[in-house]
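Visitor: This is the structure I have questions about; it appears just below.
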Amino acid sequence: MTSLQQRLLGLVPADIEGIRRGIEKESLRALSGGGLALTPHPQSLGSALTHPNITTDFSESQLELITGVHAGVASCLDELSQLHQCVYREIGNELLWVASMPCELPADETIPIGSYGASNVGRAKSVYRMGLGHRYGRRMQTISGIHYNWSMPRLSNDDYFGLIRNFRRHSFLLLYLFGASPAVCPSFVEGRTHRLVPLGGCSLHLPHATSLRMGRLGYQSDAQAKLCVSYNNLDSYSASLHNALTQPYPPYDALGVLNPGGEYNQLSTSLLQIENEFYGTIRPKRVIRSGERPLHALRERGVEYVEVRCLDLDPFEPVGIGAGTIAFLDTFLLHCLLSDSPPDTPDEIAALAANQHRTAERGREPDLRLERGDDVVTLAEWGAQLVDECVQIAATLDAATGGCAHRDAVASAALALREPQRLSSARALQAIASEHAGSYTAFARARSEHIRRSFAQRPFPADLQARFERLANESVQEQLRLERSDTVPFETFRQQYLSPQRLTL
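Just so we're on the same page, this note's numbering is the position in the sequence shown counted from 1, plus 1.
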């Protein structure tokens, strides 16, 4: 019996019944013609600063929908669907862009940064986004995706970090299976060096790409590539980020906190303005208290859940993710938790980054090879081994929850490794080429319109509408309360919040 099987047998029913998940889903608001909507966040949706479920991400044009914590997959997807219904009713003729790579974009400086009101915390959120725009460009920040938050009872910090190390080793499989961004609108890379090739004259792509969002053109940072963040334990992780959050980084120091006119360029001159700026496929997380730094919360109270960050929006699913994907994620995360997880090393961290880029840009290439320790192995071979190891985990999950959703999800993954034409990335390219004259924008617009119509046909009960109206009104009142309660100037607030002592005390 393998160590994985032994640990699987060690789970008690309460462990599986105690699994919790939540979803954060980003989507651009787009015009019916396929361009970016430049309108403000709709007032009828409430305050983007304080609404618990409907906010914005980087841009005023980029909605973020946040579910609560759920014991069941169906209830989680039901809530996400309700949030979509609410939004569609309030955005007029605009579309929710259903693809991860953005719609047609205007000039970089024209993309509107999220606005959160006059409170110190609201201003800080906008200044942080201004810094992101200066550091990485606003176009990059319009990329959208899904974050999947997951927890299980009785896990220690070391358990979570062991899971994270294995997730980073094996997340190439998720990019392969669920990547859905093989093509882009040319406006996204205008003025940038890239290796994309034309697709029908109206799009750019890589023929075997799975997730350009997770490749070199996506959420990547040459500056952050210098960080060698260790996930061996909470102490090593905290230490890896501490300096990046507190020490000036020369290029950003040259930019300065303020521009010559006295307006804010960024929150700080460190490599990371705040913890959320660190890009990764997965993060250890803890719900923070008011005014608390996330790194302090982790250091003081430990890991509460993990945030999976490498999932593309699936344009073939109404809410961007399907029940089968979630079933596989739950199985995969348990595999990461229960498998042996040796410490990471700088060499392995570098190899994992290379594997991520290879899979994102060439994942469906026949016989693509990845680095695994001292060996080189094909993606198909390594992926099949991992999927095979997930079979018994899926059976255990199904025995606890009823049905066969997890086994079906694992079987579907095994089939996709043998027949890559089944993947959403391959289906998207096929549809772009054969149904939309090679236009990525036309494909994504058509999918967006189709999904919008499907939601319009769903009933929206009066009590549900009343609940969302109440949440919107309450969020506006809470924003006003925050604005009235500020007692110090913004600059004082900024310096106090970013004080290195706030990371440890």
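Cβ atoms here follow ideal geometry from the backbone N, Cα and C, with glycine treated the same way. No experiment lies behind these values; they were computed from the predicted model shown.
Quick one, which of 451, 429, 226 and 475 has its alpha-carbon nearest residue 33's?
Guide: Along the sequence shown, read from residue 1 onward, the residue named residue 33 stands at position 32. Nearest option by C-alpha distance: 451.
Visitor: With respect to the alpha helix (DSSP H) encompassing residue 204, which residues constitute its N-terminal and C-terminal limits?
Guide: Against the sequence shown, residue 204 aligns to sequence position 203. It is not in any alpha helix (DSSP H) - residue 204 instead sits in the beta strand (DSSP E) that spans 204–206.
Visitor: Taking the C-alpha atoms as reference points, what is the distance between residue 227 and residue 374?
Guide: For the purposes of this step, residue 227 is taken as the residue at position 226 of the sequence shown. For the purposes of this step, residue 374 is taken as the residue at position 373 of the sequence shown. Straight-line Cα distance between these residues: approximately 21 Å.
Visitor: Counting only runs of 3+ residues fully inside the segment 278–328, write out the beta strand (DSSP E) ranges in chain order.
Guide: Runs found: 283–286 and 306–312.
Visitor: Tell me whether residue 260 is buried or exposed, calling it buried when 16 or more other Cβ atoms sit within 10 Å of its Cβ.
Guide: To locate residue 260, count along the sequence shown from 1; it is residue 259. When all chains shown are included, residue 260 counts as exposed.
Visitor: Closest to residue 351 by CA distance: which of 170, 21 and 324 is it?
Guide: Taking the sequence shown and counting its residues from 1, the one referred to as residue 351 is at position 350. Per the Cα distances, 170.
Visitor: Going by other Cβ atoms of all chains shown within 10 Å of its Cβ, with 16 needed for buried, is residue 2 buried or exposed?
Guide: Residue mapping note: residue 2 aligns to position 1 of the sequence shown, counting from 1. By the 10 Å Cβ count, residue 2 comes out exposed.
Visitor: Can you give me the Cβ contacts of residue 499 inside the same chain, cut-off strictly under 6 Å, excluding the 5 residues immediately before and after it?
Guide: Translated into positions along the sequence shown, residue 499 becomes position 498. Answer for residue 499: 269, listed in chain order.
Visitor: Residue 64 and residue 30: beta carbons closer than 8 Å?
Guide: Looking up residue 64 in the sequence shown gives position 63. Looking up residue 30 in the sequence shown gives position 29. Their beta carbons are under 8 Å apart, which means residue 64 touches residue 30 by this criterion.
Visitor: Less than 8 Å between the CB atoms is what I'm expecting for residue 20 and residue 77, so what's the real figure, rounded?
Guide: Along the sequence shown, one-based indexing puts residue 20 at 19. Along the sequence shown, one-based indexing puts residue 77 at 76. Incorrect: roughly 11 Å between the Cβ atoms, too far for contact.
Visitor: Mind checking residue 87: buried by the 16 CB within 10 Å criterion, or exposed?
Guide: The count along the sequence shown starts at 1 and reaches residue 87 at position 86. Per the 10 Å Cβ criterion, buried.
Visitor: Is any non-hydrogen atom of the ligand MG found closer than 7 Å to the C-beta of residue 71, if you look at the structure I gave you?
Guide: Because no ligand of any kind appears in the structure shown, any question about the ligand MG cannot be addressed here.
Visitor: Please state whether the Cβ-Cβ distance between residue 166 and residue 16 is less than 8 Å.
Guide: Within the sequence shown, residue 166 is the residue found at index 165, counting from 1. Within the sequence shown, residue 16 is the residue found at index 15, counting from 1. In this structure, residue 16 does not lie closer than 8 Å to residue 166 by Cβ.
Visitor: Inspect the beta-carbon positions of residue 209 and residue 328 and report whether they are closer than 8 Å.
Guide: Reading the sequence shown from its first residue, position 208 is the one you call residue 209. Reading the sequence shown from its first residue, position 327 is the one you call residue 328. Against a cut-off of 8 Å, the Cβ pair of residue 328 and residue 209 comes out as no contact.
Visitor: Quick one: is residue 143 buried, meaning 16 or more other Cβ sit within 10 Å of its Cβ, or exposed?
Guide: Residue numbering aside, residue 143 sits at position 142 when the sequence shown is read from its first letter. It counts as buried.
Visitor: Which whole-angstrom value is the C-beta distance of residue 131 and residue 114, which I expect to be below 8 Å?
Guide: Your numbering for residue 131 matches position 130 in the sequence shown. Your numbering for residue 114 matches position 113 in the sequence shown. Indeed they touch by this definition, with Cβ atoms about 6 Å apart.
Visitor: Does the beta-carbon of residue 400 have 16 or more other beta-carbons within 10 angstroms, so that it is buried, or is it exposed?
Guide: On the sequence shown, residue 400 is found 399 positions in, with the first residue counted as 1. So residue 400 ends up on the exposed side.
Visitor: Does the distance from the C-beta atom of residue 50 to that of residue 68 stay below 8 Å?
Guide: Locating residue 50 in the sequence shown gives position 49, where the first residue counts as 1. Locating residue 68 in the sequence shown gives position 67, where the first residue counts as 1. No.
Visitor: Name the two residues that bound the continuous beta strand (DSSP E) containing residue 199.
Guide: Residue numbering aside, residue 199 sits at position 198 when the sequence shown is read from its first letter. Note, residue 199: beta strand (DSSP E), 198–200.
Visitor: Less than 8 Å between the CB atoms is what I'm expecting for residue 472 and residue 47, so what's the real figure, rounded?
Guide: Residue mapping note: residue 472 aligns to position 471 of the sequence shown, counting from 1. Residue mapping note: residue 47 aligns to position 46 of the sequence shown, counting from 1. Sure, about 6 Å apart at Cβ, within 8 Å.
Visitor: Helix, strand or coil for residue 244 per DSSP?
Guide: In the sequence shown, counting from the first residue as 1, residue 244 sits at position 243. Of the three classes helix, strand and coil, the one that applies to residue 244 here is helix, per DSSP.
Visitor: Mind pulling the alpha helix (DSSP H) runs of 4 or more residues that sit fully within the segment 57–102?
Guide: You should have 74–91.
Visitor: Taking the straight line between their C-alpha atoms, what separation do you get for residue 92 and residue 220?
Guide: Here residue 92 refers to the residue found at position 91 of the sequence shown. Here residue 220 refers to the residue found at position 219 of the sequence shown. In a straight line, the C-alpha of residue 92 is about 27 Å away from that of residue 220.
Visitor: Between residue 246 and residue 504, is the Cβ-Cβ spacing less than 8 Å?
Guide: Along the sequence shown, one-based indexing puts residue 246 at 245. Along the sequence shown, one-based indexing puts residue 504 at 503. Cβ distance < 8 Å, so residue 246 and residue 504 count as in contact.
Visitor: Does residue 483 come out as helix, strand or coil in the three-state DSSP assignment?
Guide: As a working mapping, residue 483 is identified with position 482 in the sequence shown. In this structure, residue 483 counts as helix in the three-state DSSP scheme.
Visitor: What three-state label does DSSP hand residue 399 in the structure shown?
Guide: Sequence index remark: in the sequence shown, residue 399 carries index 398 (1-based). In the structure shown, residue 399 sits in a helix (DSSP, three-state: H, G or I).
Visitor: Who are the near neighbours of residue 18 in its chain, counting only those whose CB is closer than 7 Å to its CB and skipping five residues on each side?
Guide: Numbered from its first residue, the sequence shown carries residue 18 at position 17. Once the five neighbours on either side are set aside, the close Cβ partners of residue 18 are 401.
Visitor: State the CB to CB distance for the pair residue 71 and residue 217, rounded to an integer number of angstroms; the pair is presumed to be in contact (CB under 8 Å).
Guide: Counted from its first residue, the sequence shown places residue 71 at position 70. Counted from its first residue, the sequence shown places residue 217 at position 216. Incorrect: roughly 35 Å between the Cβ atoms, too far for contact.
Visitor: Starting from residue 148, follow the alpha helix (DSSP H) in both directions and report where the run begins and ends.
Guide: If you number the sequence shown from 1, residue 148 lands on position 147. Segment 147–152 is the beta strand (DSSP E) holding residue 148; no alpha helix (DSSP H) there.
Visitor: Let me check one thing: in DSSP terms, what residues is residue 371 bridge-paired to?
Guide: The residue labelled residue 371 in the question sits at position 370 within the sequence shown. Note: residue 371 sits in a beta bridge opposite 378.
Visitor: Sort out for me which residues DSSP pairs residue 26 with in a bridge.
Guide: As a first step, residue 26 must be located in the sequence shown, where it is residue number 25. Its beta-bridge partners are 66 and 147.
Visitor: Give the DSSP-derived three-state secondary structure of residue 232 in the structure shown.
Guide: In the sequence shown, the residue the question calls residue 232 occupies position 231. If DSSP states are grouped into helix, strand and coil, residue 232 belongs with coil.
Visitor: Would residue 28 be called buried (16 or more neighbouring beta carbons within 10 Å of its own) or exposed?
Guide: Position 27 of the sequence shown, counting from 1, holds the residue named residue 28. When all chains shown are included, residue 28 counts as buried.
Visitor: Output needed for residue 190: all residues of its chain with C-beta closer than 7 Å, excluding positions within five of it in sequence on either side, in chain order.
Guide: Translated into the one-based positions of the sequence shown, residue 190 becomes position 189. Closer than 7 Å at the Cβ level, and outside the excluded window around residue 190, lie 197, 205 and 218.
Visitor: Kindly indicate which residue of 419, 383, 136 and 285 has the alpha-carbon position closest to the one of residue 251.
Guide: Residue 251 sits at position 250 when you count from the first residue of the sequence shown. Nearest of 419, 383, 136 and 285 to residue 251, Cα basis: 136.
Visitor: Keeping to the same chain, check which residues put their C-beta closer than 6 Å to that of residue 128; ignore five residues upstream and five downstream.
Guide: Working through the sequence shown from its first residue, we reach residue 128 at position 127. Taken in chain order, the residues that qualify are 265 and 268.
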